[in-house]
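Trainee: Straight run, no breaks: the sequence shown in full-length UniProt numbering ends on number 97.
Structure in structure tokens, see below.
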Amino acid sequence: MSDKDLNIRVEDFIKSKVEPIISSHGGKINIKSIEDGVVTIALAGNCSYCPSAQITTEEIVKSKVVEEFKGEIIDVRLYTDISDKMWEYAKTFLRHE
């Protein structure tokens, strides 16, 4: 089976079986990449900067995806990114500007 087929199957599974759990908390899952058996996701909505985002990723998303795709997917990682605007705000705050 091709990587493209696996990507489609993983995306469909996440959207239909996992994201509804996350959306019940006002969140959304954005798939950033699927490479070498590792799915990298970003959480959006209410889950974006939630202190429990890493736990949610490991206990809900990773457990379900790895179980469904045994031998094909070995890990799910949370992509955390800070926007340039947020970074600039943080720097001005820390400088007491």
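Each residue gets a CB set at the ideal place from its N, CA and C atoms; glycine is no exception.
Helix, strand or coil: how does DSSP classify LYS91 here?
Mentor: Looking at LYS91 - three-state DSSP - the assignment turns out to be helix.
Trainee: Expressed to the nearest angstrom, what Euclidean distance is found between the alpha-carbon atoms of VAL61 and MET86?
Mentor: Roughly 26 angstroms between the two C-alpha positions.
Trainee: Can you check the segment 1-80 for any beta strand (DSSP E) of at least 3 residues that lies completely inside it and give the ranges in chain order?
Mentor: Runs found: 27-35, 38-45, 75-78.
Trainee: Applying the 10 Å Cβ sphere with the 16-neighbour rule, what's the burial state of ILE34?
Mentor: ILE34 comes out buried.
Trainee: If you draw a straight line from the C-alpha of THR56 to the C-alpha of ILE29, how long is it?
Mentor: Distance between the alpha carbons of THR56 and ILE29: 11 angstroms.
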